[in-house]
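A.B. asks: Position in the sequence shown (first residue = 1) + 114 = our numbering.
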Amino acid sequence: MKTLKKILKWTGIVLAILVLTGISLYFIYLRPFMQKMKEVHVVQYDKELTLVLGGGGNSGILVSDSLVLVIDTKMDEAAEQLASQVKALAGSKHILVVNTHFHPDHEKGNAYYKGQMILAGGNYTPEFWLKQNGSEGVPTVWLKDRMEIPMGDEHVTILNLGKNVHTASDVVVYLKKRKMLFAGDVILNKQAPAMFGVADPAGYLDAFNTLPKQFEIQTIVPGHGPVGGMDVLENFRQYFLDMQTAAADPSKKDGLVAKYKDWGQIPFAMSPGATIRAFQKDKH
Ligand SMILES: [Zn+2]
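1) Any idea what DSSP makes of Glu330, helix, strand or coil?
2) Would the C-beta of Asp219 count as close to ligand 1, meaning under 7 Å from any of its heavy atoms?
3) For Lys207, does the count of other Cβ atoms within 10 angstroms reach 16, so buried, or fall short, so exposed?
4) Does the Cβ of Glu221 have 16 or more other Cβ atoms within 10 Å, making it buried, or fewer, making it exposed?
5) Using 10 angstroms around the beta-carbon of Ser198, count the other beta-carbons present and answer buried if the total reaches 16, otherwise exposed.
6) Quick one: measure Cβ to Cβ for Arg260 and Leu273, integer angstroms, because I've assumed they're closer than 8 Å.
7) Please indicate yes or no: does the CB of Asp299 lie closer than 7 Å to some heavy atom of ligand 1?
8) In terms of DSSP beta bridges, what is Asn274 paired with?
9) Using only the alpha-carbon positions, how far apart do Gly387 and Pro381 sit?
10) What does the Cβ neighbour count give for His215, buried or exposed, with the cut at 16 atoms within 10 Å?
11) Would the C-beta of Gly456 count as close to ligand 1, meaning under 7 Å from any of its heavy atoms?
12) Flag this pair as yes or no: are the beta carbons of Trp377 and Lys277 separated by less than 8 Å?
13) May I ask you to report which of helix, strand or coil DSSP gives Leu176?
14) Pairs of beta-carbons, one from the region 334-342 and one from the region 361-374, closer than 8 Å: are there three or more?
15) According to DSSP, is Glu260 helix, strand or coil?
16) Could you tell me the distance, in whole angstroms, from the CA atom of Ile263 to the CA atom of Leu134?
17) Which of helix, strand or coil does DSSP assign to Glu268?
18) For Phe350 versus Ile301, is the C-beta distance shorter than 8 Å?
19) Over the uninterrupted beta strand (DSSP E) stretch that includes Phe350, give me the two end residues.
20) Within 10 Å of its beta-carbon, does Ser365 have 16 or more other beta-carbons around it, so buried, or fewer, so exposed?
21) So what does DSSP say about Ala193, is it helix, strand or coil?
22) Would the beta-carbon of Asn224 fall within 8 Å of that of Asn213?
23) For Leu233 and Val182, what's the separation of their Cα atoms in angstroms?
24) So is the beta-carbon of Gly171 under 7 Å away from any non-hydrogen atom of ligand 1?
25) If you reduce the DSSP assignment to three classes, tell me which class Val200 lands in.
26) Could you check the C-alpha separation between Asn172 and Asp186 for me, to the nearest Å?
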């Protein structure tokens, strides 16, 4: 009887600690992170190009005489706002939606583009997409390698990276005249990446090398965080190199992780620790 009481007492204490930890993590990290993610900033970059930042993944709207290109469709209210903005700009023009990848913060708004072309990376299948995201807004075009689209005086390249980086089929969009790369979650600005599923740190490092060789990049629109120059790529590369060092030499971990304390992160899921674990997993 005494032992049972003791067990019950300790189970209660452990449960209380777990619940309190959960609640504190929610209020300290998750809630501010989610609130920040909801903020939307519209930047009229030039006459034809509008950047709609936040509210899920960063988006772009490029308008030409006959076509409106939309990069990533966001989630929640921001997705609805983006869709009405796109429709107002498009009028009777065709709309081409590009999803940089299948995560909901980049594709939930697809549901607002019924009857339009929606393009995603061809390493996914419609069945996979359906299983992940439900039947609303499943892409209609599955890009295997690359697509070139002249849009007025702009030339657009849509490229499927074709191997595991952030996901199994990340798509980037390059605007040649503007020397601008929409990188999806392959490049983030001051935010730790989500290393879920097949996310591969070696794939990221490879992409940081190959993208600047394929495209002359002056401006980067990251999947999340502010727009910037090549420094956005270099900072994100340095983050991965630091986490690789920390994975190989745990004595350096604290110092290297501390460098990124100002970056957006969620413990365990999107954090330096998660990236370090991904590097360690990579080796086995
Ligand atoms: Zn994202």
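Ideal Cβ positions, reconstructed from N, Cα and C, are used throughout, including at glycine. Note that the structure is a prediction, hence the values are computed from the model and not measured.
C.D. replies: Looking at the atomic coordinates:
1) coil
2) yes
3) exposed
4) buried
5) exposed
6) 5 Å
7) yes
8) Val285
9) 8 Å
10) buried
11) For the chain, the structure presents residues 115 to 398; residue 456 sits outside this window and is missing.
12) no
13) strand
14) no
15) Here residue 260 turns out to be Arg, not Glu, going by the sequence shown. Residue state, collapsed to three classes: strand.
16) 53 Å
17) strand
18) yes
19) Unbroken run through Phe350 is the alpha helix (DSSP H), Met344 to Ala362; no beta strand (DSSP E).
20) exposed
21) helix
22) yes
23) 13 Å
24) yes
25) helix
26) 7 Å
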